[in-house]
Each structure stands twice: as C-alpha cells, then as structure tokens.
Amino acid sequence: MSTPAILNELIRAGATVRRDGDKVKIKGADVIPVELLERARAERAAILAALPDTPTTTELRRRLADLCRREGLPDRLAATLIDADLVGCELLSDEGLRRWLHVLDENRRMRQGLTPPGWTQASYCRRCGPVLLWQGAPPVVLGCPWCHMRRIGGHLPRPAVTCATCAHQQRRADTSTAGMHGCAKGNALHHAHQQHVCADWAPVLSTANNSAGARP
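Residue numbering for the sequence shown follows the working numbering, beginning at 293 and increasing consecutively.
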C-alpha cells in the first residue's frame, strides 16, 4: 500500500495524522485496525516526508505566550491550554493565532460575567433580552454569544436603556407623576429618558434587522 493510500485509510478510520518534529502523531489510534497501524509504523519515514513540517508544541506555546504579551492578554490564557486544544493551531499564521486568542479571552471574560473589550453597543436578543454586543452588531438579533452563558446560569451584563424606547412603556394620565412612565412588566417608574438597567426592556421597533453583524 502506498503512503498516500495509508494516510487516506487512517483519515477514513477517523484518525488525525500530523507531524510534530521528527514524530508522527496519530490521534484516535485506539479505534484504528491494528494491521493499518502496523503499516503506518512501517512507512513512518515516508509519512514524515509527506506531512508538512510543523513546529513542535513547545514552539507553538512560545508563539502563543509572545502573542499574549504583545496583545495585552493574560499570560494564563496560553499557559492553561492543553495539547488537545492546540491541534491544528501550528498551521495558523500569527494573525490567525491572535484572533483565536482574542476569542478565547472573550469567552473567559463572559464566563466571569464581564463584557469583552469593545462590546459597548446595546442590542436586543430575542432570547436574552437587552445585551451588550460589538459595535456594528444589529439592533435586534435572534440569538447572541450571551445565550450560552444564560443557559448555564451565568451573569449577563445589561446595557443602560430608557423607557421612551421600550415597547413595554405605559404613559400615565395622573399629573402627580408627570413625565413618569409605567411598565407593562410591573417594573418601577422611571422618567421617559432616564437611563437605567432593565432586563425586561424591548425595543419599540421590533421589526429591526435580525441579520448577524460582522465582528472585528
């Protein structure tokens, strides 16, 4: 069996094959037929030559640590990654790794109930309610990155909103509370344009665009 044929058989069997220095790493070897593994071992030199020469995990971790320092990200962001997290990352450019690290940092902050840097736009998620998203995100979305945090019971930072822009506002007729708006959800009275945090806020224009916005 030729080297390309062996690689194809390994991949069809559900294995991931990559080069790590002068070693061939086969992930999922426990479900691969023994005969196929023996053929792969016998053709190790040819398989090494056929696979792209990728940096070792140690070198990759050094690149990630350098990028964390350059981007002002926590050192532990790269230090706590296990080898399984790094599969395929050795083929990414520094720009690709930089973006990946920022996504990891966003997820870390969200798990802590913190808003990722630059997420200052107030939007409305039909599942989470009012949320903070990145600049340029649609005003109304069907789902958002906070949905997972809500499902696991995490804290969702809420944007400051006003009753004047809420679909639940109820104008009051009595003059003793002039300028105050009632709430169909039973929340406390606020002046129409007084900013406050409210998990029940919903935009008056419920037909706003639902398409996903491009993230930086």
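No residue lacks a Cβ here, since even glycine has one placed at the ideal position from N, Cα and C.
- By the C-beta density criterion, I318 is buried, having at least 16 other C-beta atoms within 10 angstroms.
- P495: not part of any beta strand (DSSP E); DSSP gives it neither H nor E.
- Distance between E363 and N479, taken at the CA atoms: about 42 Å.
- Separation of the CB atoms of G421 and A491 is rounded to 5 Å, and the pair is thereby assigned contact status at 8 Å.
- According to the DSSP assignment, V316 belongs to the beta strand (DSSP E) that extends over K315 to K319.
- Separation of C439 and I298 (C-alpha to C-alpha, rounded to the nearest whole angstrom) is 43 Å.
- By the Cβ-count criterion, A456 is exposed, with fewer than 16 other Cβ atoms from all chains shown falling within 10 Å of its own Cβ.
- DSSP places V309 inside the beta strand (DSSP E), whose first and last residues are T308 to D312.
- The Cβ atoms of L359 and L389 lie closer than 9 Å to each other.
- Taking the CA atoms as reference points, R311 sits about 6 Å from L343.
- If only complete runs of 4 or more residues are kept, the region 403-437 shows no alpha helix (DSSP H) anywhere.
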